[in-house]
């Protein structure tokens, strides 16, 4: 027989997890990725406090690709600020020393914003500080393919066993979010979103046999859009078309 104490404890745990799951970030960023152009000395971002009744503190910083906080290459101003209920504010990412960064390919960083809620005056209140983390790409000014060109057209794939391997000869990171055997089909079983580094390779998850000879890969562009790369495969797979998304 289950005791009343156990039931109450279990109910509290379930309620706590439900509350955490239902929590939504109060501080919202105006984009899902940041492109820092090497021609510029700073990049402005907008944040909004979506809570209409409470002010929040917004703490912001930049990490390198390994998750280490940095300040010597890029920093954020202000690193901590108060955002009033329903108000907008601005953050500035500043370049400190870009001479240490690659000038022929993008460098990956992560931009972080952590919201800090006001202290509650109610007893036994659980407060959750949520954090937004998005990719930040430093794009050097002399990088080939800037402007109206679509560098993703240069991607190609080879088949190794039952996997397609994406080859990226460009200086850009490319993030894939869908892989399908045709434009209107769903993802092949086992596919997981992934990213190929500049001048690197990526073995796609999911079977090459299931993707077939005309695979379609969806990537994320600078504006958060999701264009589709249409490939045709003979000995290698090359891009034949790009569909807007």
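Residue numbers (mature numbering (1 follows the signal peptide of the UniProt record, and there is no 0)): -25 to -1, 1 to 220. From the three backbone atoms N, C-alpha and C, an ideal C-beta is built for every residue, glycine too.
In the structure shown, the three-state DSSP call for residue 186 is helix.
Judged by their CB atoms, residue 106 and residue 92 are not nearer to each other than the 9 Å cut-off.
Shortest Cα-Cα distance from residue 26 to any of 47, 112, 16 and 2 involves 2.
Excluding five sequence positions before and after residue 144, the CB atoms of its chain that fall closer than 6 Å to its own CB belong to 129, given in chain order. A residue is called buried once 16 or more other Cβ atoms fall within 10 Å of its Cβ, and residue 52, having fewer, is exposed.
The Cβ-Cβ distance between residue 169 and residue 151 falls below 9 Å. In this chain, the beta strand (DSSP E) harbouring residue 214 covers 212 to 218. The alpha-carbon of residue 187 is positioned some 53 Å away from that of residue 57.
Nearest Cα to residue 199 within the set 64, 111, 31 and 73: 111. For residue 134, the three-state secondary structure derived from DSSP is strand. Annotated as distal: residue 17 and residue 5, with beta-carbon spacing of 9 Å or more.
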